[in-house]
Amino acid sequence: MAQLRPRAGTQALFRFRPVRDKVLVTNLEGRWLLLSQEDFQAYARGEVAPGSELHRRLDEANFMRDGYRVPEAADRIRARKSFVHAGPNLHMFVVTLRCNETCVYCHASRANLDAVHTDMGKETAERAVDLVLQSTSPFVTIEFQGGEPLVNYEVVQHVVETATAKNREVGKQLEFTMVSNFALLDEERLDWLIAHRVQLCTSVDGPEALHNAQRKLPTGDAHQRTVHWVRRINERYRELGLDPTLYHVEALLTTTRATLPMWKEVVDTYVGLGCRSLFLRPLDPFGFAERTRRRLEYPRGEYLEFYRNAVDYMLELNARGVEILERYAAIFLTKILGGSDPNFLDLRSPAGAGIGALAYDYDGRIYTCDEGRMLAAMGDRSFEIGHVERSRYREITGHPTVRALAIATNLDAQPDCIHCSYQPYCGTNAAFNYKTQGSIFGRMRDNAVCAVHKGIQDYLFEKLDEGDPQVMQTFERWTTIRPREHFIQPADPAGAPP
Amino acid sequence: MSTPLTDVPEGLAEVDEREGSASVSLDATLYPLPAVYAASYVLIDRAYVLLDRPSDDRIRITVMPKQLPVSPQDLRSLVGELANELLACAFRHQLTQDNRVVVETVTMQAMAGAMGAPSLADLADFDFTDEALDDPLGIAQSWEERHGKTALESKGQAEPPPDAEDPA
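Respectively, the protein sequence lines represent chains A and B. Per this note's numbering, numbering through the first sequence is continuous, rising by one, with the last residue being 498. Per this note's numbering, numbering through the second sequence is continuous, rising by one, with the last residue being 666.
Structure below.
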């Protein structure tokens, strides 16, 4: 391919990347083709014969300058970028930094259980709710985070009740989720959370020994407790008559060096818990993970090998009728195959910091993103954009930092991304860039997140090239989004719990 | 005493191990000044950075790591980091100019989408004496204000006298 002398003239804008023995070409609006080397050379040289099969394929996917269908391209770009106008829909409430567990990689810089000064107060929470309900987005989700949110359960309840009551006048589509280790859950609390339609998520690091080594409770049984409650919650959903394929606890994985050889055990653990999805997230450099990185970190090449092994195994399980999807793959495939954007905030251009999400810290400070508040806990307040007591909604979302992040994460001005065939499907995380490379722009060529995104998309396009019907069927299912309507708060007060 | 950095063309980079500093000499026509500022700025959490212009066609960046002691490897890494960041910033500078319209349009839509319309409270606090609303060219002034004529005089000039002939 190095010998190739492209000749401009007949092609519409395209980007290319070798995928095994083929060449992937993508265009401005994110349509793609996998071409043989010969076909690609003919295309790049402008030597595709009109009337040929190759010409038909290229023309059909809008790769030819002659006859380029502008309205069609505009419609597709509009669909891909629909999130741009949407406003912040994800609102993260850090209700406390206190946590009963000690995780070796804790990104949130957790505090001890006696550090009550790191609890969010009710008044702070109310001011934050007021801001959430001023969001321009008609759909808002309040996500309780920590620390461990159940440590400040009273404020969680207060936020749910206050937001639900206030929303009756505002009329947004309101949802609540809580990310918890479940160790402080009991039947009474579970009754209340389920009655108030709070979606429950947790962290599972894989099999018992690995989980307990990384997520430590004084009693040494973090895994057992989490697993107990995952099963119990799923049981409760079934008792409510909810479809278990749609309504079940979702769990998140944090991949450390110790996880890498255990890809099979990790997948089996999730399947055994009844989870239908697994998010193979690599380690982030925030919080305690910075201090423990020598023990926990790994080259991204090793992570990608782990990813390939794990997803290959998941595809095998799907072929045997076990439904389990990998979240990264599902996000990318929704864009690649579906042409729409699932609005995952770090995988869009521009990213969602401040314009798609806001993080409210326990002390009322507001950040553009979760990572922003994590950096603040490490002493760097660069991503702080306001305070619930003092800032108006438009001051927060119109903050110069939000504007800077929207520009910095726009891949149309990012070296490397501008020529990358994965540009229509990708995104960058300014806080990660800032932390690891010193600027919110980052340098994609030696950026760990970029390496992961490219590696995962390489894998997915290899699978698309292989075209195994069973795998294609699984991919199709992974891109089918089924909304969990049960978790939407009822607009009518009659539908609210007593 | 400064010694040239190996693996780098002569005269472009040198390190002073005793002083714990390194300097990079750039062709001023190759790197736009905003890119030099941006790349140098990225290092200021790790190093003290000094820019100077030893001649019209050269820019020199001197970096001194904050954390001591400094090894030759530290200095080499810092120079390498600076060189890569310079390229990234110069390239981004060019891309930003090339794609300015797209980036500005998307940013404007994203900001407008997130901010929404101003509330009455926002408008109440709006500073209408803001400089942006000054009118140094007198564009918002009426003809009369601008030329010191009364409305009546202007009217008289604008309208033909009642006994004038109809040109039609």
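We put the beta carbon where it would ideally sit given N, CA and C, even for glycine.
CB-CB under 6 Å to residue i, same chain, minus the five flanking residues each way: which ones, in chain order?
i              : result
R482 (chain A) : L246
Y422 (chain A) : Q457
V230 (chain A) : V249 and L273
T502 (chain A) : This structure leaves residue 502 (chain A) out entirely; chain A is present only between 1 and 498.
F475 (chain A) : L333
R445 (chain A) : D416
E663 (chain B) : Bear in mind that the predicted position of E663 (chain B) carries a pLDDT of just 48, short of 50, making it unreliable; the figure below should be weighed with that in mind. Excluding positions up to five away in sequence, the list is empty.
L325 (chain A) : S277 and W478
Q145 (chain A) : M92, V94 and V179
Report the neighbours of residue i on chain A: residues whose CB is nearer than 8 Å to its CB, in chain order.
i              : result
F589 (chain B) : P415
S609 (chain B) : Note that residue 609 (chain B) is Met in the sequence shown here, rather than Ser. Going along chain A in sequence order, the residues near M609 (chain B) (Cβ under 8 Å) are I355, T397, G398, V402, R403 and A406.
T605 (chain B) : P350, R403, A406, I407 and N410
A619 (chain B) : R392
Within 10 angstroms of its Cβ, does residue i collect 16 or more other Cβ (buried), or is it exposed?
i              : result
F626 (chain B) : exposed
E148 (chain A) : buried
P665 (chain B) : Low local confidence applies: a pLDDT of 45 at P665 (chain B) is under 50, so the model's placement there is unreliable, with the coordinate-based value given in what follows. Result: exposed.
W641 (chain B) : exposed
P490 (chain A) : exposed
E485 (chain A) : exposed
S499 (chain A) : Look at the range of chain A in this structure, 1 to 498, and you will see that residue 499 (chain A) is not part of it.
A615 (chain B) : exposed
T527 (chain B) : exposed
D39 (chain A)  : buried
F624 (chain B) : exposed
V540 (chain B) : buried
R5 (chain A)   : exposed
H453 (chain A) : buried
Y535 (chain B) : exposed
Q37 (chain A)  : exposed
G241 (chain A) : exposed
V156 (chain A) : buried
N27 (chain A)  : buried
P282 (chain A) : buried
Q199 (chain A) : buried
S521 (chain B) : buried
For the ligand ATP, is there a heavy atom less than 7 Å away from the beta-carbon of residue i?
i              : result
S135 (chain A) : In the structure on display, the ligand ATP does not appear, and there are no ligands present to speak of.
Leaving out five residues on either side along the sequence, give the residues of the same chain with a beta carbon under 8 Å from the beta carbon of residue i.
i              : result
P285 (chain A) : R293, F432, K435 and T436
E265 (chain A) : G206, P207 and L210
L317 (chain A) : V267, V271 and I324
I331 (chain A) : P342, F344 and L347
Which residues of chain B have a Cβ atom closer than 7 Å to the Cβ of residue i, listed in chain order?
i              : result
D412 (chain A) : N597, V600 and V601
S421 (chain A) : Those do not exist, as S421 (chain A) stays about 17 Å from chain B at its closest Cβ, beyond 7 Å.
H91 (chain A)  : None at all; the shortest Cβ gap to chain B is about 13 Å.
I418 (chain A) : L593
H85 (chain A)  : Q607 and G611
List, in chain order, every chain A residue whose beta-carbon is nearer than 9 Å to that of residue i.
i              : result
V534 (chain B) : Simply none; closest approach about 14 Å.
P616 (chain B) : R394
Run through chain B and tell me which residues come within less than 8 Å of residue i, C-beta to C-beta.
i              : result
L88 (chain A)  : The sequence shown places Pro at residue 88 (chain A), rather than the Leu named in the question. Those within 8 Å of P88 (chain A) in chain B are A612.
T136 (chain A) : G611, A612, M613 and G614
Going along the chain, which residues of its own chain have a beta-carbon closer than 7 Å to the beta-carbon of residue i, five neighbours each way excluded?
i              : result
D59 (chain A)  : G67
S137 (chain A) : A86, G87, P88 and N89
V449 (chain A) : T428, N429 and F432
How would you list, in chain order, the residues of chain A whose beta-carbon sits under 7 Å from the beta-carbon of residue i?
i              : result
A586 (chain B) : P415 and R443
Check whether the region 385-400 of chain A and the region 128-135 of chain A are in contact - that is, three or more C-beta pairs closer than 8 Å. yes
How do the region 604-615 of chain B and the region 541-551 of chain B stand: do at least 3 beta-carbon pairs fall below 8 Å, yes or no? no
Are three or more beta carbon pairs between the region 424-440 of chain A and the region 294-305 of chain A nearer than 8 Å? no
Indicate whether the contact test is met: 3 or more Cβ pairs, each with one atom in the region 76-88 of chain A and one in the region 340-355 of chain A, closer than 8 Å. yes
Three or more C-beta pairs closer than 8 Å, one from the region 256-263 of chain A and one from the region 301-311 of chain A: is that the case here? yes
Jot down the residue ranges of each uninterrupted beta strand (DSSP E) in the region 137-165 of chain A, minimum 3 residues, whole runs only, in chain order. 139-145
Do the region 362-379 of chain A and the region 503-510 of chain B meet, that is, are 3 or more Cβ pairs less than 8 Å apart? no
Three or more C-beta pairs below 8 Å linking the region 563-577 of chain B and the region 589-607 of chain B: no
Any chance the region 7-24 of chain A sits against the region 55-67 of chain A, with 3 or more Cβ pairs inside 8 Å? yes
Any 3 or more C-beta pairs closer than 8 Å across the region 378-386 of chain A and the region 397-405 of chain A: yes
Can you confirm whether the region 208-218 of chain A touches the region 98-107 of chain A when touching is taken to mean that 3 or more C-beta pairs between the two stretches lie within less than 8 Å? yes
Could you tell me which whole beta strand (DSSP E) segments of length 3 or greater appear in the region 515-547 of chain B? 519-525
What ranges does the alpha helix (DSSP H) occupy inside the region 539-618 of chain B, keeping only unbroken runs of at least 4 residues that lie completely in it? 570-596 and 598-613
Please confirm if the region 110-130 of chain A is in contact with the region 348-355 of chain A, defined as three or more CB-CB distances below 8 Å between the two stretches. no
Segments assigned alpha helix (DSSP H), at least 4 residues, entirely inside the region 293-375 of chain A: 293-296, 300-319 and 327-338
Unbroken alpha helix (DSSP H) runs of length 4 or more, entirely within the region 452-496 of chain A: which are they? 469-478
Could you tell me which whole alpha helix (DSSP H) segments of length 4 or greater appear in the region 219-264 of chain A? 222-239
Quick check for students: name the residue ranges of the alpha helix (DSSP H) that lie wholly in the region 70-100 of chain A, counting only runs of 4 or more. 70-80
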